[in-house]
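Residue 335 in numbering that gives the first Met the number 0 sits at position 336 of the sequence shown; the count goes up by one each step and never skips.
Even for Gly, the Cβ is constructed at its ideal location relative to N, Cα and C.
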Amino acid sequence: MSEQKWLLRMEGISKAFPGVQALSNVDLELAPGEVLALVGENGAGKSTLMKILSGAYRKDAGRIFVNGQEVEISGPSHAQQLGIAIIYQEFNLAPNLSAAANIFIGREPRRGPGRLFVDRRRMETEAQKLLDRIGARISASTLVRNLSVAERQMVEIAKALAVDARIIIMDEPTSALGEDEVENLFQVIQTLKAQSIGVIFITHRLEEIFRVADRVVVLRDGARVGGMPIQEATPEQIIQLMVGRDVGDLFQKKKAEIGAPLLEVRGLTRRGVVENVSFTLRRGEILGFAGLVGAGRTETVRMIFGADPKDAGEIFIDGKPVMIESPRDALAAGIGFVPEDRSNYGLVLSLSVLENIVLPSLNRHTRLGVLLDRMGLLRTAQEFVNKLNIRVAHLRQKAMFLSGGNQQKTVVAKWLALRPRILIMDEPTRGIDVGAKAEIHALMSQLAQEGVGIIMVSSELPEILGMSDRILVMSEGKVAAILDREEATQELIMAYASGERPEGREVSPASSPGTL
Numbered sequence: 000m001s002e003q004k005w006l007l008r009m010e011g012i013s014k015a016f017p018g019v020q021a022l023s024n025v026d027l028e029l030a031p032g033e034v035l036a037l038v039g040e041n042g043a044g045k046s047t048l049m050k051i052l053s054g055a056y057r058k059d060a061g062r063i064f065v066n067g068q069e070v071e072i073s074g075p076s077h078a079q080q081l082g083i084a085i086i087y088q089e090f091n092l093a094p095n096l097s098a099a100a101n102i103f104i105g106r107e108p109r110r111g112p113g114r115l116f117v118d119r120r121r122m123e124t125e126a127q128k129l130l131d132r133i134g135a136r137i138s139a140s141t142l143v144r145n146l147s148v149a150e151r152q153m154v155e156i157a158k159a160l161a162v163d164a165r166i167i168i169m170d171e172p173t174s175a176l177g178e179d180e181v182e183n184l185f186q187v188i189q190t191l192k193a194q195s196i197g198v199i200f201i202t203h204r205l206e207e208i209f210r211v212a213d214r215v216v217v218l219r220d221g222a223r224v225g226g227m228p229i230q231e232a233t234p235e236q237i238i239q240l241m242v243g244r245d246v247g248d249l250f251q252k253k254k255a256e257i258g259a260p261l262l263e264v265r266g267l268t269r270r271g272v273v274e275n276v277s278f279t280l281r282r283g284e285i286l287g288f289a290g291l292v293g294a295g296r297t298e299t300v301r302m303i304f305g306a307d308p309k310d311a312g313e314i315f316i317d318g319k320p321v322m323i324e325s326p327r328d329a330l331a332a333g334i335g336f337v338p339e340d341r342s343n344y345g346l347v348l349s350l351s352v353l354e355n356i357v358l359p360s361l362n363r364h365t366r367l368g369v370l371l372d373r374m375g376l377l378r379t380a381q382e383f384v385n386k387l388n389i390r391v392a393h394l395r396q397k398a399m400f401l402s403g404g405n406q407q408k409t410v411v412a413k414w415l416a417l418r419p420r421i422l423i424m425d426e427p428t429r430g431i432d433v434g435a436k437a438e439i440h441a442l443m444s445q446l447a448q449e450g451v452g453i454i455m456v457s458s459e460l461p462e463i464l465g466m467s468d469r470i471l472v473m474s475e476g477k478v479a480a481i482l483d484r485e486e487a488t489q490e491l492i493m494a495y496a497s498g499e500r501p502e503g504r505e506v507s508p509a510s511s512p513g514t515l
């Protein structure tokens, strides 16, 4: 295809950060009406390349052509003027504004003399149309701070669609979406294709590539290492190009000895959110939490950790009642928590990798209860950087400069440094590449073998089925079922999650603590 027929062409793009060469001589092209899958491990350079295209970063070298014309993108507003919109993996929303205000921020419809006033009614009406178009069951007038992670992602998608763009970049747009929302998004993408809009689709979910993409380009260590039409690609080829090695079985779950009850939850309730949740977690067990978006999984584990208040319910550890009213109480009880939103709740982005990893365990590295053992802190941080294969230039590198996957592994490292007896992991592999997923799964398996009890919340059914010893399914804030690993299937989980009664089975075998 000649250059004039490309909607976008990037030639020889290079970018360096202190101590890191993020991109080296990368080429990328996009045709009108094409969906281009851009894949690679975390740290491969995907997000950096897209931030250059969207004006967030300035390239060090290379050329960019839009509609055959060479451009020098000076910033995000210039990128929008060129018809480029981006949905970031990490949200770019104002929490104290409504969904509608976020969707039209900087482009609000005006009314009155001199068009001085924001036409809020029109803005909310137009925003609601966009949200309805992608199947988001939320009101445009709702404040973003009151939305779940998945709902915020839907606002981001609507925000991108609100710009009259010919190039739309989607950076992990499905990472926090349920199956219905993903299907709606794919339908929207087909609509965009029919309008000759080009879509750059970044994802770690290989099955999505083969469902939605026309072509795939693979980056590794900041360089382009391959590209092909999707009809010529196989999952094995793509993985080999991404990681440069054989990752083996993605779900590396090893058999662990399941011990005595470690954590018991009875009647956990928060009115209007979660009702009468009861279950038991045993030593060495991985208990998967499955359910549709909004089922109450995250709200349940946040209450267990003391991050959200509860209206009723009891928590027992080793058969003894414990009062957990704050995360401090949970830490004292030996509970760690890897949250689903790493940027807002998992990390202090302005601090270094070293500081983030050791922050919760500083009191374990003091002399005479006062002086910090700096060498001990360095050893601990380095141990977990090595153990989790966190790619950093040095321990003093700020967390904000890490890729999404390496940020996630830093969050995991922080809690492992506390040596918890109970570890709650909410979407532990969200936005993580296949190689890092295998590493996280292997680590979870190792922790279980060491007797740690793990609660894993995941929206990915293959992960739930592959890593869980038992699966707790939630529906509309209640426990719908607890299934053994051997009996669980995707169809059975989805039936319970949707509130259906599978033929020949009880609706809620987990409704009573006695069944556990």
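Close beta carbons around residue i, own chain, < 8 Å, minus the five adjacent residues each side
i: M516; result: Lying outside 0 to 515, the shown extent of the chain, residue 516 is not represented and no answer is given.
Beta bridge counterpart(s) of residue i as assigned by DSSP
i: V198; result: V34 and I167
i: I454; result: L286 and I423
i: E69; result: F64
i: Q20; result: A15
i: L415; result: Partner(s): none; L415 has no beta bridge.
i: S97; result: L142
i: L358; result: Paired residue(s): none; L358 is not in a bridge.
i: F278; result: V264
i: S402; result: Answer by DSSP bridge pairing: none, since S402 is not bridged.
i: F116; result: R110
i: M473; result: G290 and V478
Cut-off 6 Å between Cβ atoms - residues of its own chain near residue i, not counting five sequence neighbours on either side
i: Q78; result: A small correction: the amino acid at residue 78 is Ala; Gln does not occupy that position in the sequence shown. Cβ neighbours of A78 beyond the five flanking positions: S53, G54 and I72.
i: R341; result: Q406, Q407 and V410
i: Q489; result: L460
i: L35; result: L29, I199 and R214
i: T141; result: A98
i: S325; result: G305
i: G287; result: M455, I463, S467 and I470
CA nearest to the CA of residue i, picked from the options
i: R132; options: Y87, M322 and E180; result: E180
i: L240; options: E459, M466 and G39; result: G39
i: E125; options: M9, A416 and A161; result: A161
i: E130; options: S97, P359, R114 and I463; result: Here residue 130 turns out to be Leu, not Glu, going by the sequence shown. Ranking S97, P359, R114 and I463 by Cα distance to L130 puts S97 first.
i: F386; options: A159, F400, G243 and L415; result: The question names Phe, but residue 386 is Lys in the sequence shown. Ranking the options by Cα distance to K386, first place goes to L415.
i: F64; options: W5, G42 and R119; result: W5
i: F90; options: A441, Q189 and L146; result: L146
i: A380; options: M399, L205, I356 and S325; result: I356
i: G221; options: G293, L27 and L346; result: L27
i: R106; options: D163, V70 and I137; result: D163
i: G403; options: G32, L376, R395 and P427; result: P427
i: R223; options: E10, A447, E438 and Q445; result: E10
i: K253; options: A441, G305 and R363; result: A441
i: N362; options: E123, K45, L417 and E274; result: L417
i: I238; options: L205, L394, G42 and D328; result: L205
i: E449; options: G32, A157 and I285; result: I285
i: E438; options: R420, V384 and V352; result: V384
i: L377; options: R390, A398 and S351; result: S351
Chain-order list of residues whose beta-carbon lies under 7 Å from that of residue i (same chain, five-residue window excluded)
i: R281; result: I257, G258, A259, P260, L261 and G452
i: Q127; result: A139
i: V272; result: G295, E298 and G476
i: E263; result: T279 and F315
i: K14; result: A21, L22, T47, I51, Y56, K58 and D59
i: D118; result: P108, R109 and R110
i: D483; result: R469
i: N66; result: L6
i: G61; result: M9, E10, G11, I12 and S13
i: R210; result: F185
i: G243; result: R219
i: F400; result: F16
Buried or exposed by the 16-neighbour rule on C-beta atoms within 10 Å, applied to residue i
i: P234; result: exposed
i: A331; result: exposed
i: G74; result: exposed
i: V456; result: buried
i: I470; result: buried
i: Q152; result: buried
i: M473; result: buried
i: L371; result: exposed
i: Y495; result: buried
i: A193; result: exposed
i: A392; result: exposed
i: D310; result: exposed
i: A596; result: A query on residue 596 cannot be resolved here, the shown segment of the chain reaching from 0 to 515 and no further.
i: G345; result: buried
Let me know the alpha helix (DSSP H) ranges lying completely inside the stretch 361 to 396, each 4 residues or longer, listed in chain order.
-> 373 to 386
Considering only residues of the stretch 225 to 272, which uninterrupted beta strand (DSSP E) runs meet the minimum length of 3 residues and lie entirely inside it, listed in chain order?
-> 260 to 269
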